[in-house]
Amino acid sequence: MTKNIFIAAFLIFSIKGYNQTLKLEEIMKGESFIGNQPTNGRWSLDSKKVYFDWNPTNDLGASTYSWQKGSVKPVLVEPKEAAFSKLDFKRKPGSDLVYYLDNGRLFSYSIASKTTKKIYQQSAPISNLELGSESGIVFFEQNDNIFKYNAKEGSVLQITNFSKGEKKSKTPEKDSFLKTQQKELFQFIRDAEAKKQWNLAKSKAVKSDFAKEYFYGKDNFYNLKANPNGTFATFCLAEEADVKKEKMEVFITSDGYNQSPETKEKVSTANFVKTKFGIYSVAKDSVYFVDFSKLSHIQDVPKYYESYDNLKSKAKEDKLIVAQAPVYNENGSIGIVEIRSQDNKDRWLVSLNLESGTFKEIEHQHDEAWIAGPGIPSYSFDSGILGFLADNETLYFQSEVTGYSHLYTYNFKSNKKAQLTSGNWEVRDVTLSNDKKTFYLTTNTTHPGNRNYYKLAASGGALEPVLTKDGAHEVVVSPDEKVLLVRYSYKNIPWDLYIADNKKNTSLQQITSSVSESFKNYKWREPEVITFKAQDGTPVYARLYTPKTETSNKAAVIFVHGAGYLQNAHNYWSNYYREYMFHNMLTDLGYTVLDIDYRGSDGYGRDFRTGIYRFMGGKDLTDQLDGKKYLVEKYGIDADRVGIYGGSYGGFITLMGMLTTPGEFASGAALRSVTDWAHYNHGYTGNILNFPETDPIAYKKSSPIYFADNLKGNLVMLHGMVDDNVEYKDIVRLSQRFIELEKKNWTLASFPVEAHGFKETYSWIDEYSRILNLFNSTLLKK
Numbered sequence: 001m002t003k004n005i006f007i008a009a010f011l012i013f014s015i016k017g018y019n020q021t022l023k024l025e026e027i028m029k030g031e032s033f034i035g036n037q038p039t040n041g042r043w044s045l046d047s048k049k050v051y052f053d054w055n056p057t058n059d060l061g062a063s064t065y066s067w068q069k070g071s072v073k074p075v076l077v078e079p080k081e082a083a084f085s086k087l088d089f090k091r092k093p094g095s096d097l098v099y100y101l102d103n104g105r106l107f108s109y110s111i112a113s114k115t116t117k118k119i120y121q122q123s124a125p126i127s128n129l130e131l132g133s134e135s136g137i138v139f140f141e142q143n144d145n146i147f148k149y150n151a152k153e154g155s156v157l158q159i160t161n162f163s164k165g166e167k168k169s170k171t172p173e174k175d176s177f178l179k180t181q182q183k184e185l186f187q188f189i190r191d192a193e194a195k196k197q198w199n200l201a202k203s204k205a206v207k208s209d210f211a212k213e214y215f216y217g218k219d220n221f222y223n224l225k226a227n228p229n230g231t232f233a234t235f236c237l238a239e240e241a242d243v244k245k246e247k248m249e250v251f252i253t254s255d256g257y258n259q260s261p262e263t264k265e266k267v268s269t270a271n272f273v274k275t276k277f278g279i280y281s282v283a284k285d286s287v288y289f290v291d292f293s294k295l296s297h298i299q300d301v302p303k304y305y306e307s308y309d310n311l312k313s314k315a316k317e318d319k320l321i322v323a324q325a326p327v328y329n330e331n332g333s334i335g336i337v338e339i340r341s342q343d344n345k346d347r348w349l350v351s352l353n354l355e356s357g358t359f360k361e362i363e364h365q366h367d368e369a370w371i372a373g374p375g376i377p378s379y380s381f382d383s384g385i386l387g388f389l390a391d392n393e394t395l396y397f398q399s400e401v402t403g404y405s406h407l408y409t410y411n412f413k414s415n416k417k418a419q420l421t422s423g424n425w426e427v428r429d430v431t432l433s434n435d436k437k438t439f440y441l442t443t444n445t446t447h448p449g450n451r452n453y454y455k456l457a458a459s460g461g462a463l464e465p466v467l468t469k470d471g472a473h474e475v476v477v478s479p480d481e482k483v484l485l486v487r488y489s490y491k492n493i494p495w496d497l498y499i500a501d502n503k504k505n506t507s508l509q510q511i512t513s514s515v516s517e518s519f520k521n522y523k524w525r526e527p528e529v530i531t532f533k534a535q536d537g538t539p540v541y542a543r544l545y546t547p548k549t550e551t552s553n554k555a556a557v558i559f560v561h562g563a564g565y566l567q568n569a570h571n572y573w574s575n576y577y578r579e580y581m582f583h584n585m586l587t588d589l590g591y592t593v594l595d596i597d598y599r600g601s602d603g604y605g606r607d608f609r610t611g612i613y614r615f616m617g618g619k620d621l622t623d624q625l626d627g628k629k630y631l632v633e634k635y636g637i638d639a640d641r642v643g644i645y646g647g648s649y650g651g652f653i654t655l656m657g658m659l660t661t662p663g664e665f666a667s668g669a670a671l672r673s674v675t676d677w678a679h680y681n682h683g684y685t686g687n688i689l690n691f692p693e694t695d696p697i698a699y700k701k702s703s704p705i706y707f708a709d710n711l712k713g714n715l716v717m718l719h720g721m722v723d724d725n726v727e728y729k730d731i732v733r734l735s736q737r738f739i740e741l742e743k744k745n746w747t748l749a750s751f752p753v754e755a756h757g758f759k760e761t762y763s764w765i766d767e768y769s770r771i772l773n774l775f776n777s778t779l780l781k782k
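What the sequence shown shows, in the UniProt record's numbering, is residues 1 to 782, in sequence order.
Set out below in structure tokens:
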């Protein structure tokens, strides 16, 4: 009863900020309080205008605005122009004509005359638009088949003929007494049969130029793609995984009846499927498959097998793999396929010989933990940064072979690989100039928490700085490459849009102002980004919020960001903006707040990224403990008055802190927390902990539910009941363990309409009122 009174009282009690009062019910409105920031910046095709999605009037949703040179301020765009600006245009460099899809229809558009031509429309929508090597040739997909549009001929031709299922063979008619009798008795019947056979022979003598039907059975059919010359098409087949999906119960529905939608599969080796990579030859009108069994290291077994007697002596076999759709050079003479092992410990790049269905291996990357990093997706069914330079013989790609994701090239004439960037920093994003002779790179060269922008000659050399001040720069180059559209933010300055000339050490001109007057009225802190040494000597970055000496209460709160592989101790506006404002509020109250980029976080290279392999709740948790020690030793924080909180992965770490290091934290608030990794999804969990069937040790030591008996201190758990990411069942299972173990110092707050990411302001207010109440009642001296 006392706690509920405190929560109600707090909502009308104001906390003194620097220049005004901060109110929980205001800051929990999020962008409605801060000001809605512009997103999805893009250029007009003629490079004269920029478009972006924005909601400066706090409407129910964002609308499209535009700005062009000479504008006083951005203007609202008409719906038709707004819709056009969002289309995905396909254009050859320098060409006036572009192609695009709109609602499953094919169009062309002339930039000079601003005229649109509808080319193809049918009831069945089309997708996957690709330009051919010749001007005016366009390929698209419809009903699992490739079509070729030829602008010069004005023709649309189907070049493949794939069908799901099995070919139905005609059952020959059975001879009967009467049928035989008719043929014996009547010349008319015999003549008709002879003419039928003669016509059939004639028709077979004239070969059709239409592709014969190929049936691919019951498998999943995907990654269909034509080569730039239209002479081949490649595709992938995957067996259907026989796995059971989780179901979620939805109680608050429009018709008053419960719903039970399926959500996701659980992590399991049952999700592994056999795949095949197929080639269709237009000239041969035939399908054949590539045999990847000669890939290097395809039978290597992971080192963790040595921990299990049943796996040590397991017979060697080819790893199950996934091959992506090829990436071709401009003239289609070279096609590169990225291949991943389904345990995601191996990545191959191979050049494909379409004619013979063979390959040449050009790059192999192995990671005993898992393959990932900027430009290298962590999911085995995705492909990374791959492309070709202007010479049509040099491939560029990213690799983490040095411990940091850098840019490399491979030349097919010399068969030589070259490293273009190097250092203890990462290439975060790569785009190529229109002439394919210059790279535009986003990096964290100057600081792990910055996003800098550079130019680099495709041949290598020194980075040319374009935008390098502290903060983050999200850049879109104009089609003519003269101007940059930049979305920029700083630690205490939310995202806005700027224009800059595309030149060395350019300067920004602001074109949007998204921040509200309410937000401006408070002096928001610039949290210091500090480093401390972890117990194994690794430097760990963190955001530090410190109160004034006269207001310090010698208590501290440690915030744990979610996602695991995410960065929050950086120099730009946080995705956790409600938490950022909440931390300002806590600091006003006298708390010291530490927001740590623990082991497994993004931005710090391969070793940091994989520091949680086979033990979540290991180094990622000891980093929190080392952060606490840093606060105690350097800032005089009372070791008995430190709380911890976080959501998703942060909620998981909070639980591990409370349950595996009892007494280290006086209290913890765990939001939307994973409690048992065997119940989480396949792609994410299988990378880090392998699989429950093959590495049960990793799952048991990494799951809070096994340590429920150790609870000490005060724990509040908060969870949305329609969370389709970390199911509500996760927290229900842990609650049952607490009940059976007769634990009393825990509570669970359930939110019936909220998913993994909360949407409703009233839910945010309720959630953070409980968190604040927990810390005020457990960390402050009575």
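Every residue gets a Cβ at the ideal spot worked out from N, C-alpha and C, and that includes glycine. Remember, predicted model here, so these are calculated numbers, not experimental data.
Among the options, nearest to residue i - alpha-carbon criterion
{"i": "K781", "options": "T116, L349, G590, Q736", "result": "G590"}
{"i": "K345", "options": "F388, S296, G335", "result": "S296"}
{"i": "V427", "options": "A315, Q419, N434", "result": "Q419"}
{"i": "T234", "options": "F210, V560, K202, N145", "result": "N145"}
{"i": "T438", "options": "I731, W425, S459, N444", "result": "S459"}
{"i": "Q342", "options": "R733, Y684, F751", "result": "Y684"}
{"i": "H583", "options": "L467, Y768, K729, E754", "result": "Y768"}
{"i": "K118", "options": "E130, V98, G132", "result": "V98"}
{"i": "G650", "options": "D607, H682, L689, P704", "result": "P704"}
{"i": "residue 786", "options": "I731, K712, L715", "result": "Because the chain here runs from 1 to 782, residue 786 falls outside it and cannot be looked at."}
{"i": "S113", "options": "A241, S127, S95, D102", "result": "S95"}
{"i": "Y635", "options": "F162, V593, E742", "result": "V593"}
Extent of the continuous beta strand (DSSP E) to which residue i belongs
{"i": "M658", "result": "M658 -> not in any beta strand (DSSP E); alpha helix (DSSP H) instead, spanning 649-660."}
{"i": "L718", "result": "714-720"}
{"i": "R487", "result": "483-490"}
{"i": "S383", "result": "Segment: none, S383 is in no beta strand (DSSP E) and carries neither H nor E."}
{"i": "P539", "result": "539-545"}
{"i": "Q182", "result": "Taken as a continuous stretch (DSSP letters only), Q182 belongs to no beta strand (DSSP E), being part of the alpha helix (DSSP H) at 177-185."}
Pairwise C-alpha distance: residue j and residue i
{"i": "K701", "j": "G600", "result": "17 Å"}
{"i": "Y109", "j": "W764", "result": "46 Å"}
{"i": "S777", "j": "R609", "result": "36 Å"}
{"i": "S513", "j": "V483", "result": "20 Å"}
{"i": "D640", "j": "A534", "result": "20 Å"}
{"i": "L11", "j": "Y762", "result": "Unreliable positioning characterises L11 in this predicted model, as indicated by a pLDDT of 41, which lies under 50. A coordinate reading is not provided."}
{"i": "L456", "j": "Y280", "result": "38 Å"}
{"i": "I34", "j": "K90", "result": "37 Å"}
{"i": "E141", "j": "N223", "result": "10 Å"}
{"i": "K554", "j": "D626", "result": "17 Å"}
{"i": "F107", "j": "Q121", "result": "9 Å"}
{"i": "Y604", "j": "L467", "result": "21 Å"}
{"i": "N725", "j": "S85", "result": "32 Å"}
{"i": "L157", "j": "K164", "result": "21 Å"}
{"i": "Y565", "j": "H719", "result": "21 Å"}
Three-state secondary structure assigned by DSSP to residue i
{"i": "G562", "result": "coil"}
{"i": "L711", "result": "coil"}
{"i": "T512", "result": "coil"}
{"i": "Q624", "result": "helix"}
{"i": "F519", "result": "helix"}
{"i": "E265", "result": "strand"}
{"i": "Q324", "result": "coil"}
{"i": "S356", "result": "coil"}
{"i": "Q197", "result": "helix"}
{"i": "K164", "result": "coil"}
{"i": "M1", "result": "Per-residue confidence for M1 stands at a pLDDT of 38, beneath the threshold of 50, marking its modelled position as unreliable; no derived number is given."}
{"i": "Q567", "result": "coil"}
Extent of the continuous alpha helix (DSSP H) to which residue i belongs
{"i": "S763", "result": "761-779"}
{"i": "A698", "result": "696-702"}
{"i": "P79", "result": "79-85"}
Unbroken stretches of the beta strand (DSSP E), 3 residues or longer, contained in the region 37-77: 39-43, 49-54, 63-68
For a minimum of 3 consecutive residues, which ranges assigned as the beta strand (DSSP E) are wholly contained in the region 273-320? 275-281, 286-289
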